[in-house]
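In full-length UniProt numbering, the protein residues as written are 1 to 295.
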């Protein structure tokens, strides 16, 4: 059951990071906001790995070709997922953007069952269907508070990319014969290294002004990276300990944190339809998680 506190901490710090990214998205484009998530997270992840080995020595891992493929695929999937979510923030409220991206848990459950051998019982599949209905409810049919098709597709695409990220990270962790904390830390360092190199290189060649804007907001960028590194480490550890669909579904508790931050910090208005859709997503999470808690 150790994966549960890791998942809860990941959900809270991720909600905090997303709110900070929403703030930065008013000044910086989507790729710049995405880089802000990773740029300070890299030295923090390396420091954590060094402290982990100092306190709990373990052997140096062998990085297989499959491990390298998994972390590279996860890195680029997470870049795309984050960029799509920032575009969502620019179209809709923070709470709605996060809510649509949380289709990740449902997609992770389905993909994990089909391609990665994870099993979901009847109650779990009922949860998946409730979650799908929640997303459809949020779309509506043109009523006030409903979503347009482009926004819905952005949200589902973001959720799909986040789901693929998690599945590839879990597979990468299973390639290393190390304690679970060490495998998660190595996967985190590799993934963030690829992301920082790719995004910094691209922006240096194509959009240096975005790098300047990030340089001019050091405090906010650092806070985004710090919360991101904590969230990623906790997610990586949790999915290394338990099935991806279950971890991501319990992580739907992030929706509650999101609503609190949206209304009381960012001062955004969330429609009744959107609130109901978000709450149904949480119900779907409980339906998937309850069978696992009873075993």
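Just so you know, even glycine gets a beta-carbon here, dropped at the ideal spot from N, CA and C.
Could you have a look at residue i and say whether DSSP puts it in helix, strand or coil?
i	result
residue 56	coil
residue 35	helix
residue 27	coil
residue 240	helix
residue 267	coil
residue 40	coil
residue 209	helix
residue 5	helix
residue 20	helix
residue 217	coil
residue 64	coil
residue 127	helix
residue 296	The question about residue 296 has no answer here: the residues shown for the chain are numbered 1 through 295.
residue 121	coil
I'd like to check one pair, residue j with residue i: are the Cβ atoms closer than 8 Å?
i	j	result
residue 225	residue 36	yes
residue 163	residue 111	yes
residue 317	residue 38	Any question about residue 317 goes unanswered here, given that the chain covers just 1 to 295.
residue 45	residue 227	no
residue 161	residue 81	yes
residue 237	residue 180	yes
residue 231	residue 34	no
residue 133	residue 280	yes
Mind checking residue i: buried by the 16 CB within 10 Å criterion, or exposed?
i	result
residue 215	exposed
residue 53	exposed
residue 170	buried
residue 144	Because the pLDDT at residue 144 is just 45, under 50, the model does not fix this residue reliably, and the value given afterwards should be weighed accordingly. Residue 144 is exposed by the Cβ-count criterion.
residue 206	exposed
residue 77	buried
residue 56	exposed
residue 50	exposed
residue 158	buried
residue 251	buried
residue 195	buried
Please return the same chain residues whose Cβ sits closer than 6 Å to the Cβ of residue i, not counting the five positions on each side in sequence.
i	result
residue 9	234
residue 307	The chain is shown from 1 up to 295; residue 307 falls before or after that span and cannot be answered.
residue 284	127, 130, 131
residue 91	151
For residue i, I'd like the list of residues in its chain whose CB is within less than 8 Å of its CB, leaving aside the five on either flank, ordered along the chain.
i	result
residue 141	Unreliable placement is indicated for residue 141, whose pLDDT of 49 sits below 50; no coordinate value is reported for it.
residue 17	37, 224, 227, 228, 231
Can you name, in chain order, every residue of its own chain whose Cβ lies under 7 Å from the Cβ of residue i, other than the five neighbours on each side?
i	result
residue 2	241
Check whether the stretch 22-30 and the stretch 79-93 touch, using three or more Cβ-Cβ pairs below 8 Å as the test.
Touching, per the Cβ criterion.
Kindly confirm or deny that the stretch 260-267 and the stretch 11-27 touch, where touching means at least three C-beta pairs closer than 8 Å.
Put simply, the stretch 260-267 touches the stretch 11-27. At least three CB pairs are less than 8 Å apart.
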